[in-house]
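**Q** Here you go, one structure.
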Amino acid sequence: MLKTTQPLLVAPAWAETAAARLVQLGRAELPAGCFRLGEVNGTRRPYEVDQGVALVSVAGLLVPKLGYIGAGWATGYDGLRVQLAHAFADPDVRAICLDIDSGGGIAQGCFDLVDWIVAAKRAAGKPVAAICSEEAYSAAYALACAADSIAVPRTGGVGSIGVWLMHWDQSRMLEGAGMVPTIVQSGAHKTDGHPYAALPEAVRADWQGQVDALRRLFAETVARARGLDFAAVLATEARCFEGPLGTAEAVRLGLADAVLPPDRAFSALLDHVRDNP
34 MLKTTQPLLV
44 APAWAETAAA
54 RLVQLGRAEL
64 PAGCFRLGEV
74 NGTRRPYEVD
84 QGVALVSVAG
94 LLVPKLGYIG
104 AGWATGYDGL
114 RVQLAHAFAD
124 PDVRAICLDI
134 DSGGGIAQGC
144 FDLVDWIVAA
154 KRAAGKPVAA
164 ICSEEAYSAA
174 YALACAADSI
184 AVPRTGGVGS
194 IGVWLMHWDQ
204 SRMLEGAGMV
214 PTIVQSGAHK
224 TDGHPYAALP
234 EAVRADWQGQ
244 VDALRRLFAE
254 TVARARGLDF
264 AAVLATEARC
274 FEGPLGTAEA
284 VRLGLADAVL
294 PPDRAFSALL
304 DHVRDNP
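The sequence shown finishes on residue 310 if you use this note's numbering, and the numbering steps up by one all the way, no holes.
The structure is reproduced here in structure tokens:
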């Protein structure tokens, strides 16, 4: 089960997967096939290029700082910024494909990255396409909205424009083990949300205010990037638009542009590049 009090942009059905990814993040060694951001230089591209299109993967759990690129189970906002900055400046790159398959991640850093991508692509004059293979939920969907187009397969999904966090009350477990914690603190809010007692109503209200504010920021980001009405985005109530019916509804609402398998969506991007030299 996911155990973090950080605000999350994660689809609920993906919570167990996210928890497993957080465990993997605790391992110090560099995963096989990955390379650290410090190894990126002028002779080593941090992405593949196919017929003028840079392929940038957005996969697994999304986190603010990962420090390396190439893990299929997690993607860092820091790594995405490095990859995209190189791609925008690369004279051999004419367009960028965000290959997305993620149920979301951590809220911190997500919306700043979205705003940066929007500004950077405008300055570079290079189109960006988000191609889901299969899912782009919550934080991943926010990143998809930075692209000029979003394609999702009929068995995939988009959306989950909401925020949540969780508190774990471990007091009964400790009581059953004969353990009674004593907390000594300085500052009334120093231990807000600690797991050794039920969540006080005042802290619950504060946390509710935090997630409500982040959800509004999320909806504003989507509305601005997609040219949608803010109230209409909020009215989705963080729904995941999945499967044949859900993805068709997402296109109708303007949350996606096309229901296409990834290979056809990529072919359409290549056609666009060829037709716009």
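All residues carry an ideal CB built from backbone N, CA and C; glycine is no exception.
Could you name the residues of the same chain whose beta carbon sits closer than 8 Å to that of Phe214, not counting the 5 residues immediately before and after it, in chain order?
**A** For clarity, residue 214 is Pro in the given sequence; the question names Phe instead. A distance below 8 Å between beta-carbons, with the five flanking residues on each side excluded, links Pro214 to the following residues of its chain, in chain order: Leu207 and Tyr229.
**Q** Nearest CA to the CA of Gly276: which residue from Glu168, Ala107 and Cys67?
**A** Glu168
**Q** Under 6 Å Cβ to Cβ from Gln84, same chain only, skipping five residues before and after it: list those, please.
**A** Leu303
**Q** Anyone know if the C-beta pair for Glu253 and Gly195 falls short of 9 Å?
**A** no
**Q** Thinking C-beta only, is Ala163 closer than 9 Å to Ile133?
**A** yes
**Q** Count the other CB atoms, across all protein chains shown, that sit within 10 Å of the CB of Val217; report buried if there are 16 or more and exposed otherwise.
**A** exposed
**Q** Taking 6 Å as the limit between beta carbons, can you name the residues of its chain near Glu49, skipping five residues before and five after?
**A** none
**Q** Would you list the residues sitting across from Ser182 in a DSSP beta bridge?
**A** Ala162
**Q** What are the start and end residues of the beta strand (DSSP E) that includes Asp202?
**A** From DSSP, Asp202 is part of no beta strand (DSSP E); its letter is neither H nor E.
**Q** With three or more C-beta pairs closer than 8 Å as the rule, is the stretch 186-195 touching the stretch 147-159?
**A** no
**Q** Under DSSP, the beta strand (DSSP E) around Thr108 begins and ends at which residues?
**A** Segment Ala107 to Gly109, the beta strand (DSSP E) holding Thr108.
**Q** Please report how far the alpha carbon of Val236 lies from the alpha carbon of Ser219, in whole angstroms.
**A** As the crow flies, the alpha-carbon of Val236 is around 17 Å from that of Ser219.
**Q** So what's Ser135 in DSSP terms, helix, strand or just coil?
**A** strand
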